[in-house]
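Novice:
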Amino acid sequence: QKITSKKDVSTTIMRRQKWSASNLSAALAGKDTDPSVDLEFINSLLDRMEQDYSIDTTRVYATGHSNGSLMTWATACRYASRFAAIAPIGYMSTPLQDLDPAVLLPWAFLGEYDSAGVAELVEDNGTVKALQGWNAHNATNEAAVAESTSYDGAFVTKSFMGGNAPLVQYTVVKDTPHV
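Residue numbering for the sequence shown follows our numbering, beginning at 34 and increasing consecutively.
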């Protein structure tokens with residue numbers, strides 16, 4: 034839906050009960066729900082905000098939790114060039130087929146006991162596949178991974194480097210369920 038006024042934004046948000054970030058959430062939202070509608074809505078919302086406000090377009094970030102995490106991944110895949118970085122929390126996703134070729138800087142978070150994803154990096158699990166996909170997209174050297182801990186080990190972060198900068202980061206929040 035094209036946003037033409039501030040009223041359009043509130044009307045659209047009020048009509049929707051659930052974002053359609055993926056085939057799973059689209060199925061939950063209804064069998065005839067098209068996930069691209071929500072992606073186009075967010076893109077149109079960004080267009081409108083850039084038109085109406087003084088926004089530094091090099092500092093636009095996206096985050097979301099759980100289903101919002103899926104929407105963050107999906108939106109960033111389609112419109113990577115619009116975001117400086119993303120921080121999806123509580124769900125991992127591999128790059129989608131219609132991926133914007135721009136480098137996207139994801140910093141993903143999962144709880145150690147998260148029910149929506151497996152925090153432990155075990156060969157061939159969804160989290161590993163997601164990290165491999167993003168590392169491939171951003172052309173990082175998976176062997177050049179730095180691990181750090183903070184807050185007495187409560188946060189364990191793996192940073193996959195591209196040159197001197199982390200291009201993909203993944204943090205496990207210890208002793209935590211769906212963060």
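We put the CB at the ideal spot given by N, CA and C, even for glycine.
#1: Could you pull out every residue in the same chain whose Cβ sits closer than 6 angstroms to the Cβ of residue 181, ignoring the five residues on either side in sequence?
#2: What are the boundary residues of the beta strand (DSSP E) that residue 200 is part of?
#3: Cβ atoms of residue 173 and residue 201: under 8 angstroms apart, would you say?
#4: Does residue 60 come out as helix, strand or coil in the three-state DSSP assignment?
#5: Can you tell me the Cβ-Cβ gap for residue 117 and residue 94, rounded? I've got them flagged as a contact below 8 angstroms.
#6: Residue 220 to residue 119, Cα distance in whole Å?
#7: Please work out which residues of its chain come closer than 6 angstroms, Cβ to Cβ, to residue 75, disregarding the five sequence neighbours upstream and downstream, and give them in chain order.
#8: With 16 as the cutoff for other CB atoms within 10 Å, does residue 179 come out buried or exposed?
#9: Could you tell me the distance, in whole angstroms, from the CA atom of residue 282 to the CA atom of residue 139?
Specialist: This is what the structure gives:
#1: Here residue 181 corresponds to residue number 148 of the sequence shown, with the count starting at 1. Here the set comprises 190.
#2: As a first step, residue 200 is located in the sequence shown; it is residue number 167 there, counting from the start. First-last of the beta strand (DSSP E) with residue 200: 198–206.
#3: For the purposes of this step, residue 201 is identified with residue 168 of the sequence shown, where counting begins at 1. For the purposes of this step, residue 173 is identified with residue 140 of the sequence shown, where counting begins at 1. In this structure, residue 173 lies closer than 8 angstroms to residue 201 by Cβ.
#4: Sequence index remark: in the sequence shown, residue 60 carries index 27 (1-based). With a pLDDT of 49 at residue 60, under the threshold of 50, the predicted position of this residue should be treated as unreliable, though the coordinate-derived value follows. In this structure, residue 60 counts as helix in the three-state DSSP scheme.
#5: Counted from its first residue, the sequence shown places residue 117 at position 84. Counted from its first residue, the sequence shown places residue 94 at position 61. The Cβ separation is near 6 angstroms, so the contact holds.
#6: Because the chain in this structure spans residues 34 to 212, residue 220 falls outside the shown range and cannot be described.
#7: Counting from one through the sequence shown, the residue named residue 75 turns up at place 42. Closer than 6 angstroms at Cβ, skipping near neighbours: 108.
#8: Locating residue 179 in the sequence shown gives position 146, counting from the first residue. So residue 179 ends up on the exposed side.
#9: Lying outside 34 to 212, the shown extent of the chain, residue 282 is not represented and no answer is given.
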